[in-house]
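Here the protein sequences come in this chain order: X and P. All the letters of the first sequence, read from the start, carry residue numbers 284 to 715 under the working numbering. All the letters of the second sequence, read from the start, carry residue numbers 6 to 231 under the working numbering. Notes follow the structure.
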Amino acid sequence: MSIGSFIVKNALRNKRRAALSVLSVAASMFLLVTLLVTQRELTMPPEDLGAALRVVVRSKISLAQPLPARQRAIIEKIEGVEAVSPFSWFGGKFKSEAHMTFAQFAMDAAKLRAIFGEAKMEPGAYEAFESDRNSCIIGKLTADKYGIKRGDKITFTSEIYPVTLEMKVAGIYSGTIDDRNVLFHQKLLDESMGNPGEVGTWWVKVRSAEEMPRVIEAINRAFANTSAEVRAESERAFQLSFVSMWGNIKILVGSISTVVVFTLVLVCASTMSMAVRERFRELAILKALGFRRRELYTFILAESFGLAGVGGALGIGWAWLFYTHSREAGISLVPVAAFLAVLAVRYFYRREILAGLLSLAGVWFFAKAAAFLVVKGSIAGLTNNIFVLFEVTPRIAGWAALVAAGLGILASIFPAISVARTSVVQGLKTLD
Amino acid sequence: MEAENIVMIRHLTKVYQQGDIQVAALNGISLDIAAGEFLSLMGPSGSGKSTLLHIIAGVDRPTSGQCLVQGLDVAQLSETELADWRNQNIGFVFQTFNLIPVLTAFENVELPLLLTALGRRQRRRQVETALELVGLADRAHHLPRQLSGGQEQRVAIARALVTDPAIIVADEPTGNLDSHSAQEVLGILRTLSAKAGKTVILVTHDPKAAAYGTRSIHLEKGELSG
Numbered sequence: 284m285s286i287g288s289f290i291v292k293n294a295l296r297n298k299r300r301a302a303l304s305v306l307s308v309a310a311s312m313f314l315l316v317t318l319l320v321t322q323r324e325l326t327m328p329p330e331d332l333g334a335a336l337r338v339v340v341r342s343k344i345s346l347a348q349p350l351p352a353r354q355r356a357i358i359e360k361i362e363g364v365e366a367v368s369p370f371s372w373f374g375g376k377f378k379s380e381a382h383m384t385f386a387q388f389a390m391d392a393a394k395l396r397a398i399f400g401e402a403k404m405e406p407g408a409y410e411a412f413e414s415d416r417n418s419c420i421i422g423k424l425t426a427d428k429y430g431i432k433r434g435d436k437i438t439f440t441s442e443i444y445p446v447t448l449e450m451k452v453a454g455i456y457s458g459t460i461d462d463r464n465v466l467f468h469q470k471l472l473d474e475s476m477g478n479p480g481e482v483g484t485w486w487v488k489v490r491s492a493e494e495m496p497r498v499i500e501a502i503n504r505a506f507a508n509t510s511a512e513v514r515a516e517s518e519r520a521f522q523l524s525f526v527s528m529w530g531n532i533k534i535l536v537g538s539i540s541t542v543v544v545f546t547l548v549l550v551c552a553s554t555m556s557m558a559v560r561e562r563f564r565e566l567a568i569l570k571a572l573g574f575r576r577r578e579l580y581t582f583i584l585a586e587s588f589g590l591a592g593v594g595g596a597l598g599i600g601w602a603w604l605f606y607t608h609s610r611e612a613g614i615s616l617v618p619v620a621a622f623l624a625v626l627a628v629r630y631f632y633r634r635e636i637l638a639g640l641l642s643l644a645g646v647w648f649f650a651k652a653a654a655f656l657v658v659k660g661s662i663a664g665l666t667n668n669i670f671v672l673f674e675v676t677p678r679i680a681g682w683a684a685l686v687a688a689g690l691g692i693l694a695s696i697f698p699a700i701s702v703a704r705t706s707v708v709q710g711l712k713t714l715d
Numbered sequence: 006m007e008a009e010n011i012v013m014i015r016h017l018t019k020v021y022q023q024g025d026i027q028v029a030a031l032n033g034i035s036l037d038i039a040a041g042e043f044l045s046l047m048g049p050s051g052s053g054k055s056t057l058l059h060i061i062a063g064v065d066r067p068t069s070g071q072c073l074v075q076g077l078d079v080a081q082l083s084e085t086e087l088a089d090w091r092n093q094n095i096g097f098v099f100q101t102f103n104l105i106p107v108l109t110a111f112e113n114v115e116l117p118l119l120l121t122a123l124g125r126r127q128r129r130r131q132v133e134t135a136l137e138l139v140g141l142a143d144r145a146h147h148l149p150r151q152l153s154g155g156q157e158q159r160v161a162i163a164r165a166l167v168t169d170p171a172i173i174v175a176d177e178p179t180g181n182l183d184s185h186s187a188q189e190v191l192g193i194l195r196t197l198s199a200k201a202g203k204t205v206i207l208v209t210h211d212p213k214a215a216a217y218g219t220r221s222i223h224l225e226k227g228e229l230s231g
């Protein structure tokens, strides 16, 4: 026997309690990772590779205020600008849907590849889109969701403009960070509105990252003291300003995370206290045999750390699997459901009806969850395209692992102190 | 001759504070115990016999007086030094066996050796020898719950002697045993004293058990009475 195997045997002496402790830590760590990932996705939206070279120009008054179309020529002349396209939010409802479920933007199709080079389409689709002003391209996620194919005609009724537009799907794009939107011709919108000479925003492609600050400065200066002053900013800054409309998500998520961690500390500390209390006498015996305080503390710490560590690894691992490989996560639940089914049969055979029914409920839950995950297949499917990416980054996993480790240490402190303070004689008197 | 005394106790007192009241468990005791002696400490409950045993074994400290074990005033040692000293010099046998329930008999006996620098093979040899001495070599891989009370206490004795300590302290070791098992356990303790030269200090209130010792002393209200 080694000290390590002694610690493991002690930790597993009450298998049910150890399993429940590990599961409670795992569930809480899963929740914590979910909160951290949600916060990250909301406050730091994912960006395309090309985002570093894109500038968004909007009205200085408000995003809803249109900009004059004549600004385009001025922006194009600024040194370092490679391409400019209008980008107007159409705000259309698809078919008879009560709410807008995905975004549509009017733009200059000829500048699509220059500004959004990440979009990948089938051969000929780009040309078809560019040549037909009544056409559009649609993101793969939305096309798959509604079963839209190339050549289909789709109709949108705008909640911003008093028009309904019908357009033909020229292509289905993918490979961008957000394959949900519909892009169509600004000219189609202009014509339907009687050429008002206005656009929503300008999206500008800059030649190099070094030129970004100067170009932004030049655009802002170009329209200063005009009737349509603008605010030019990098795509990242633009997205983050959008995020601020969510309110202070960080504080909210941070508060919930703190409560989760605090609760977890209490659960773990209580579990460890119980585990130590029930073998107080044994620890006194170990002291009598010559084990020192630091060795006893090591035992308690290792046990606590082990429980928190296994729970943390399960929770973080499961979150990673769940969010990045949803289908596989669903498949991994099948053996759990099968195991519970075997348990249920065993319980019923032994006439332990309540345990049998609980196991059956577990079978139902895990089977449903597995089917749901396999069918939905991805985080986009799971969240109805609200989130396209839900990435458990190494940083988030690291933070969660650190919390689990801290938890293990914190939960061991109070039991260790009480063991250290108790003399062998006091310990031997317990339970006598 | 003083040189033969493994334990020398002089004017030993132990006072416990219970709320506002002071309770004297030991009241100026002086006692010598010779090396290899099998001493029975007798007395009624609360007479201070377990307290005296705990002080000799280094798990409790006296309020005043001196307790020299192998010439060393153990009360002067720090907690860490005491722990090491106990591991090397004292073997404990308790009334309620106090084996670790998740460890086999072998592993329970091996436990004190984990604190030593001995290698796995040497530890195994010592554990097997200790289990053979108590007649339980064939039960080495049984868990405590798979053993009878007498067997559990014999495992506890094996654990007490596996580090080859000079002194074995036994606090009511037969209190939870039937008479047959009690005789076996007391017989082993007597053999350890007579043949292996171990000093055995037995606390008991049973005259039959005390009769196994080479000397009996009585404690009454914290004082030696005979």
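No residue lacks a Cβ here, since even glycine has one placed at the ideal position from N, Cα and C.
query: Near the ligand NAD: Asp37 of chain P beta-carbon under 7 Å from a heavy atom; result: This structure does not include the ligand NAD; it has no bound ligands of any sort.
query: Which of helix, strand or coil DSSP assigns to Met404 of chain X; result: coil
query: In chain order, each beta strand (DSSP E) run of at least 3 residues that lies wholly inside the region 528-589 of chain X; result: none
query: Which listed residue (P:Ala199, P:His223, P:Leu197) has its alpha carbon closest to that of Val208 of chain P; result: P:His223
query: Residue range of the beta strand (DSSP E) that includes Arg220 of chain P; result: 220-225
query: Test: His147 of chain P CB closer than 8 Å to a CB of chain X; result: no
query: Cutoff 8 Å: Arg564 of chain X Cβ touching any chain P Cβ; result: yes
query: Rounded distance between the beta-carbons of Ala683 of chain X and Met312 of chain X, thought under 8 Å; result: 6 Å
query: Same chain, Cβ closer than 6 Å to Phe412 of chain X, five either side skipped, listed in chain order; result: Ala392, Ser418, Ile420, Ala453, Gly454
query: For Gly718 of chain X, three-class secondary structure by DSSP; result: The structure shown does not extend to residue 718 of chain X, since chain X is modelled only from 284 through 715, so no value can be given for it.
query: Per-residue burial, Ala8 of chain P [other beta carbons within 10 Å of its own, 16 or more giving buried]; result: Bear in mind that a pLDDT of 42 at Ala8 of chain P, under 50, signals an unreliable position, so the number given afterwards is only what the model happens to contain. Exposed, because fewer than 16 other Cβ atoms sit within 10 Å of the Cβ of Ala8 of chain P.
query: Exposure label - Ile344 of chain X; buried when at least 16 CB within 10 Å; result: exposed
query: Contact set between Ile105 of chain P and chain X, taken where Cβ atoms lie within less than 7 Å; result: Glu565
query: Sequence-distant residues of its chain with Cβ nearer than 7 Å to Gln156 of chain P (five each side left out); result: Leu141, Arg144
query: Cross-chain neighbours of Pro117 of chain P in chain X, by beta carbon under 7 Å; result: Leu572, Gly573
query: Nearest residue (CA-CA) to Gly287 of chain X, options X:Leu637, X:Leu448, X:Thr581; result: X:Thr581
query: Asn2 of chain P classed as buried or exposed, judged by whether at least 16 other C-beta atoms fall within 10 angstroms; result: No information on residue 2 of chain P is available, as it lies outside the stretch 6 to 231 that chain P covers here.
query: Neighbour list for Lys292 of chain X in chain P, Cβ cutoff strictly below 9 Å; result: Ile105, Val107, Leu108, Glu112
query: Whole-angstrom C-beta distance between Ala335 of chain X and Ala501 of chain X, which should lie under 8 Å; result: About 18 Å; that fails the 8 Å criterion.
query: Cβ separation of Ala552 of chain X and Leu693 of chain X, assumed to be a contact under 8 Å, to the nearest whole Å; result: 7 Å
query: Distance between beta carbons of Thr204 of chain P and Ala40 of chain P, contact taken as under 8 Å; result: 6 Å
query: Which residues DSSP lists as bridging Ser517 of chain X, in chain order; result: X:Val338
query: Nearest-angstrom Cβ-Cβ length linking Thr459 of chain X and Glu401 of chain X, presumed shorter than 8 Å; result: 5 Å
query: Best match in P:Ser184, P:Ile172, P:Tyr217, P:Glu225 for proximity to Asn10 of chain P [C-alpha to C-alpha]; result: P:Ile172
query: Counterpart residues of Val20 of chain P in DSSP-defined beta bridges; result: P:Ala29
query: Arg195 of chain P beta carbon less than 8 Å from that of Phe102 of chain P; result: no
query: Burial state of Phe736 of chain X (16 or more Cβ within 10 Å); result: The structure shown has nothing for residue 736 of chain X, since chain X only spans 284 to 715.
query: Run of the beta strand (DSSP E) containing Gly422 of chain X, from where it starts to where it stops; result: 418-422
query: Any chain P beta carbon closer than 8 Å to Val707 of chain X; result: yes
query: Minimum Cβ-Cβ distance from Met555 of chain X to chain P less than 8 Å; result: no
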